[in-house]
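Notes follow the structure.
In full-length UniProt numbering, the protein residues as written are 1 to 291.
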């Protein structure tokens, strides 16, 4: 459960390095290597009165559901879909079981969420059963997309505490005895990122994934984003607040672990080459002026 305890929403990545997606048809689920679309985001819910059990809700408001139906006739493995039952029963409940740095998600009846591989239509499908051969197909990595807000320290006096209506506001304030700065220092900074296409286009309307970054330099952040996205040789960019243009990050990261919004693009892409050329031209112009 520790992977989910502080998470408001997560991404699940299978042993095949593919993410669990909610299909836009609002019924199917599948695997795909893209981890930057909003369909990989699953909201975590904790059923009241049940320990060590979670529900996972897609961006369409449907729950990850284990059905009794076979996915393919004559093939082991039962259907996993996204659904919204009139009554939230055990079919939408999953028990996380830690296996080192990954988890298995067990249904209430002993099956496990399984990411399949092989030839179509088996490839990229997701089912639930008890595997006898491919034990690693039921292992999932958990990436936190959104973190639950921290509760105030109990030592805060009544005069410094806030009511329920002001709770959200309190997390944006700093008091003498309760400061977000302390937790930020220990947890690092929050990085929101999008992956741009060949022409530098980014779907800003969709909420991008995020990660908790505990490093300090741009080089460390670049390596971390390469690990997260599966891309090699990337350029990390930010967006100009005034004209909306992208520019590559070259300097130190903002101080005080401030939250960042960045755009990732492969260095081999057309727009990345253009941005790099613009930077070199600008530097050359400055050198000529100084000389």
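Yeah, the Cβ is synthetic: ideal placement off N, Cα and C, and Gly gets one too.
Cβ pair residue i, residue j closer than 8 Å
| i | j | result |
| --- | --- | --- |
| residue 91 | residue 67 | yes |
| residue 229 | residue 10 | no |
| residue 50 | residue 102 | no |
| residue 202 | residue 263 | yes |
| residue 237 | residue 221 | no |
| residue 8 | residue 227 | no |
Rounded straight-line distance, which links the Cα of residue j to that of residue i
| i | j | result |
| --- | --- | --- |
| residue 55 | residue 109 | 15 Å |
| residue 127 | residue 149 | 33 Å |
| residue 224 | residue 79 | 35 Å |
| residue 167 | residue 4 | The predicted model places residue 167 with a pLDDT of 33, which falls under 50 and marks its position as unreliable, so this point remains unresolved. |
| residue 268 | residue 119 | 31 Å |
| residue 142 | residue 240 | 32 Å |
| residue 82 | residue 111 | 17 Å |
| residue 336 | residue 61 | Since the first and last residues shown for the chain are 1 and 291, residue 336 lies out of range. |
| residue 70 | residue 23 | 19 Å |
| residue 133 | residue 244 | 51 Å |
| residue 28 | residue 211 | 27 Å |
| residue 131 | residue 121 | 18 Å |
Simplified DSSP assignment, three categories, for residue i
| i | result |
| --- | --- |
| residue 164 | At residue 164, the pLDDT of 40 sits below 50, so the modelled position is not reliable and the matter cannot be decided from this model. |
| residue 39 | helix |
| residue 87 | coil |
| residue 272 | helix |
| residue 137 | helix |
| residue 80 | strand |
| residue 65 | strand |
| residue 105 | strand |
Residues near residue i by beta carbon distance below 6 Å, same chain, minus five either side
| i | result |
| --- | --- |
| residue 136 | 15 |
| residue 53 | 47, 93 and 95 |
| residue 124 | 30 and 31 |
| residue 231 | 266 |
| residue 260 | 191 |
| residue 233 | 267 |
Closest by C-alpha distance to residue i, when choosing among the options
| i | options | result |
| --- | --- | --- |
| residue 44 | 59, 102, 246 and 35 | 59 |
| residue 340 | 97, 77, 69 and 267 | As displayed, the chain neither begins before 1 nor continues past 291, which places residue 340 out of reach and without an answer. |
| residue 274 | 235, 244, 257 and 253 | 235 |
| residue 192 | 20, 115, 213 and 34 | 213 |
| residue 256 | 113, 132, 104 and 217 | 217 |
| residue 65 | 50, 84, 49 and 51 | 84 |
| residue 188 | 50, 40, 215 and 12 | 215 |
| residue 100 | 203, 237, 2 and 238 | 2 |
| residue 195 | 24, 271 and 27 | 271 |
| residue 199 | 211, 246, 219 and 132 | 246 |
| residue 253 | 244, 219, 27 and 276 | 219 |
| residue 115 | 242, 243 and 21 | 21 |
Close-in-space but distant-in-sequence residues of the same chain around residue i (CB under 7 Å, 5 per side omitted)
| i | result |
| --- | --- |
| residue 57 | 42, 43, 45 and 63 |
| residue 258 | 189 |
| residue 107 | 66, 94 and 128 |
| residue 208 | 36, 192, 193 and 194 |
| residue 97 | 103, 104 and 106 |
Within-8 Å CB hit, residue i to chain D
| i | result |
| --- | --- |
| residue 128 | The structure shown contains no chain D; it is built from a single protein chain. |
Proximal residues to residue i (C-beta, below 8 Å), its chain only, five neighbours per side dropped
| i | result |
| --- | --- |
| residue 158 | Low confidence applies to residue 158: its pLDDT is 39, below 50, so where it sits in the model is not reliable, and the reading given next is rough at best. The answer is none, since no qualifying residue turns up. |
| residue 19 | 11, 12, 13, 31, 32, 33, 34, 35 and 40 |
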